[in-house]
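Heads up: the structure comes next, in structure tokens.
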Amino acid sequence: MLPRRPINGGVPGNRRSGAFAAIPVAAPGSTRNSNIFIVGSSVLIVIFLGIASTITQGIDYRVAMYSILGLLGLATIMGGEQSLFIGFVGFVAAFGLGYRTITVTPRLKIHPAEILILALLVLLFTARRARKALVHKMLIPGWMIAMLPFWIWGWFRGIGERYPWDDMLSESRNFFMLIPIVMVTSIMLINRDRWRLILTVLFITSTWIAMWGVAEYYVPGVRGLFPGFVTKTGSTITGEGFNRATYSFWGNPAATFLCAMAIPLAIPLRRWYPKSWQRMAITAMVLMQATGVYVGGFRILWSCVAVQFAIYAVLKKRYISAAVVVLLFLGVYNIIPASTQERFSTFAAVLNGKPSEHDSSGRKHLARLEEAVLLAEQNPMGVGWTGAGWVHCDFVQIAANLGWAGALVYLFAYIFTLWRFIDRISRTRKGTEYHDVLIAVLLGFTTVGALLWTQAVSVLPQLAYPAWFYWIMAEILSRQSDFERRKPSAPPALHTPADREFRSYRPQYAGVRELGR
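Numbering (this note's numbering), first residue to last: 4 to 520.
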């Protein structure tokens, strides 16, 4: 009798791999009832939306957000253990909601993404078979454990300074949420098919964000189509005269943080979707995200996209293509608006520590940084959560809030993860699907580092969670078993039922092993 076929193309792992393991599904007999319940719930949700529309004369984002959360929750809870992945897809897609949050107090707002990830963690612990996978396969990096005492210390210091509790919780929970995010993500991304779906959803979510920002920028009349979702269209003028998109649908031009991180995902997506129309769609989505980054006006993101391309050209050894693009850029630079050229030049002045007089943003950022450094020097043990405000450099902000030791642990954690990830790429066979995924995540992770150095990422969940997600993906990918050095013809050892199951279906999974083990 042949062993049961794995679900969704999953590749059974062994305990030695420590990276991925398939989670069994619920009993087949429950599938029909679950589907009926989900369909019925969907009908009820539609009815509810119709009633709300009639009463309020229009559906605002809160009604839609609560309804989508309710539908995702019902599908996740009633669909069996395997359907937990539906909730995880919803968590990634929730990055597109931006400032659409649930207000608890004026200082404390809950993001739908954190509700989803906490619910998934609870469900993983309550589902018997999923709980076993969680216990054996979950990943909690050592640096997170090392940071826990500093996170707790920040509360003691903040209480001593009598900072508002909700203000401290608003900032500290973004760091504490790292633990449930890494636990759930390390279980959910168990094989190639799941990586493919999640990265696709992340890429589409980023495109969705960019599309709304560009639409608001170039077609201000879009506000009339969705008055409950878009509050301000058009642009704002910077000191250099540059017109910045408002991104009111997402809530802030910081929406483009995710766009800059997600652009490199086109590298594996073009391999996964090889048809001509699919590649054309991916190219159009990259252009949309690049346009969104441009109109967002963040100079650091402009630089990050350029650095991403340079790193990609070096890793892929496409020097001629890189030279052509550089020449094109130099040619285009001479015809772009003068305000854009001025914004480029002022960024160089900010990096030199001497922002120009009309660069109010650069001067404010440097002033906050200097104040936070002085605060950290006067208080080497930190002043507690929220004590430093928004510094626009997470490493310095942690030094001021939690102390120099906590900041060094955090800085070392990023550098170590980046170094280990680069080492992983150097030991991976080039030209493979796995190598493309590594490069894409590396480019996004370098952007995360640039944002941590220059922006206030950790102060809000809508900014922190996409950055944490890239960091955790880098942690997971860098810890995979070193199967690349094995000979393709060498079969896995038949010591466990999981290995025997893989051998039985080995021809079918010949191309899955790269991200499955």
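Ideal Cβ placement from N, Cα and C applies to all residues, glycine included.
Query raised in the report: From which residue to which residue does the alpha helix (DSSP H) around LYS319 run?
Result: Here the alpha helix (DSSP H) through LYS319 covers 302-319.
Query raised in the report: Secondary structure at VAL107, three-state DSSP: helix, strand or coil?
Result: For VAL107, the three-state secondary structure derived from DSSP is strand.
Query raised in the report: If you draw a straight line from the alpha carbon of ILE266 to that of LEU330, how long is it in whole angstroms?
Result: When rounded, the distance between both Cα atoms is 21 Å.
Requested in this report: Reducing DSSP to helix, strand and coil, say where ASN382 ends up.
Outcome: Note: ASN382 maps to coil in three-state DSSP.
Query raised in the report: What's the C-alpha gap between ALA2 and LYS320?
Result: Past the edges of the chain, shown from 4 to 520, lies residue 2, and the structure says nothing about it.
**Report entry** Where ASN177 falls: helix, strand or coil (DSSP)
**Finding:** ASN177 falls in the helix class under three-state DSSP.
Report task. Note down the Cα distance separating LEU261 from PHE128, rounded to an integer number of angstroms. Result -> In this model, LEU261 and PHE128 are separated by some 30 Å (Cα to Cα).
**Report entry** For CYS112, the residue or residues it bridges with in DSSP
**Finding:** Reading off the sequence shown, one finds Lys at residue 112, where the question assumed Cys. When beta bridges are read from the DSSP output, LYS112 appears opposite THR106.
Query raised in the report: In terms of residue numbering, what span does the alpha helix (DSSP H) encompassing TRP474 cover?
Result: Segment 464-481, the alpha helix (DSSP H) holding TRP474.
Query raised in the report: Around the Cβ of ALA326, are there at least 16 other Cβ atoms within 10 angstroms (buried) or fewer (exposed)?
Result: The residue in question, ALA326, is exposed, as its Cβ has fewer than 16 Cβ neighbours within 10 Å.
Report task. Alpha carbon to alpha carbon, how far is MET147 from VAL394? Give it in angstroms, no decimals. Result -> Taking the CA atoms as reference points, VAL394 sits about 22 Å from MET147.
Query raised in the report: Taking TRP471 as the reference, which of GLY447, TYR166 and THR457 has the closest Cα?
Result: Check the Cα spacing between TRP471 and each of GLY447, TYR166 and THR457: the tightest is with GLY447.
Query raised in the report: Is the beta carbon of ALA375 sitting closer than 9 Å to the one on ALA402?
Result: With a cutoff of 9 Å on beta-carbon distance, ALA375 and ALA402 are scored as near each other.
Query - Pairwise C-alpha distance: ALA467 and VAL460 - result: Rounded to the nearest whole angstrom, the CA to CA distance from VAL460 to ALA467 is 5 Å.
**Report entry** Residue nearest to SER209 in terms of C-alpha spacing, selected from LEU172, ARG197, MET191 and THR294
**Finding:** With distances taken between Cα atoms, SER209 lies closest to THR294.
Query - As assigned by DSSP and simplified to three states, the class of ASN255 - result: Correct three-state label for ASN255: coil.
**Report entry** Supposed contact pair TRP253 and GLY299 - C-beta distance, whole angstroms, cut 8 Å
**Finding:** By a beta-carbon distance limit of 8 Å, GLY299 does not contact TRP253. Their separation comes to about 10 Å.
Report task. Compare the C-alpha of GLY390 against each of ARG432, ILE105 and GLY163 and name the closest. Result -> Closest by alpha carbon: GLY163.
Query raised in the report: What is the C-beta distance between PRO115 and ALA97, in whole angstroms, given that I count them as a contact (C-beta under 8 Å)?
Result: Contact flag correct, Cβ pair sits at about 5 Å.
Requested in this report: Tell me whether PRO469 is buried or exposed, calling it buried when 16 or more other Cβ atoms sit within 10 Å of its Cβ.
Outcome: Classification of PRO469: buried, given that the 10 Å Cβ count is 16 or more.
Query - Endpoints, the alpha helix (DSSP H) within which ALA2 is located - result: Outside the displayed span of the chain (4 to 520) sits residue 2, for which this structure offers no information.
Query raised in the report: Got a sec? Which residues, its chain only, sit under 7 Å from ILE475 by beta carbon, not counting five neighbours each side?
Result: The residues are ILE184, VAL185 and THR188.
Query raised in the report: Which of the three DSSP states, helix, strand or coil, is assigned to ASN36?
Result: Per-residue confidence for ASN36 stands at a pLDDT of 46, beneath the threshold of 50, marking its modelled position as unreliable; no derived number is given.
Query raised in the report: Just the Cα atoms here: how many angstroms apart are PHE94 and THR104?
Result: Just so you know, the alpha carbons of PHE94 and THR104 end up roughly 14 Å apart.
Query raised in the report: In whole angstroms, what is the alpha-carbon distance linking PRO107 and GLY161?
Result: Per the sequence shown, residue 107 should be read as Val rather than Pro. The alpha-carbon atoms of VAL107 and GLY161 are separated by roughly 20 Å.
Query raised in the report: Given a threshold of 16 other Cβ atoms within 10 Å of its Cβ, counted over all protein chains shown, does ARG432 qualify as buried or as exposed?
Result: ARG432 should be labelled exposed.
Query raised in the report: With distances taken from CA atoms, which of ILE428, PHE424, GLN458 and ALA408 is nearest MET150?
Result: Of the residues ILE428, PHE424, GLN458 and ALA408, the one whose Cα lies closest to the Cα of MET150 is ALA408.
Query raised in the report: Between TYR220 and THR249, what straight-line distance do the alpha-carbon atoms span, to the nearest angstrom?
Result: Straight-line Cα distance between these residues: approximately 7 Å.
Requested in this report: Taking all protein chains shown into account, decide if ASP426 is buried (16 or more other Cβ within 10 angstroms of its Cβ) or exposed.
Outcome: Here ASP426 is exposed, its C-beta having fewer than 16 other C-beta atoms within 10 Å.
Report task. Using alpha carbons as the reference points, say which of LEU192, TRP154, ARG197 and PHE159 lies closest to ARG176. Result -> Checking every option, the nearest Cα to that of ARG176 belongs to TRP154.
Query raised in the report: Would a C-beta distance cut-off of 9 Å place ILE201 and MET288 closer than the cut-off?
Result: Taking 9 Å as the Cβ cut-off, ILE201 and MET288 do not qualify as a contacting pair.
Query raised in the report: Where does TRP280 sit, in a helix, a strand or coil, going by DSSP?
Result: In this structure, DSSP gives TRP280 a helical state, which the three-state scheme calls helix.
**Report entry** Ranges of the beta strand (DSSP E) found wholly within the region 142-190, counting only runs of at least 3
**Finding:** Counting only runs of 3 or more, we get nothing.
**Report entry** Euclidean distance between Cα positions of TRP211 and LEU87
**Finding:** Distance between the alpha carbons of TRP211 and LEU87: 24 Å.
Query raised in the report: Where does HIS395 sit, in a helix, a strand or coil, going by DSSP?
Result: Coil, per DSSP.
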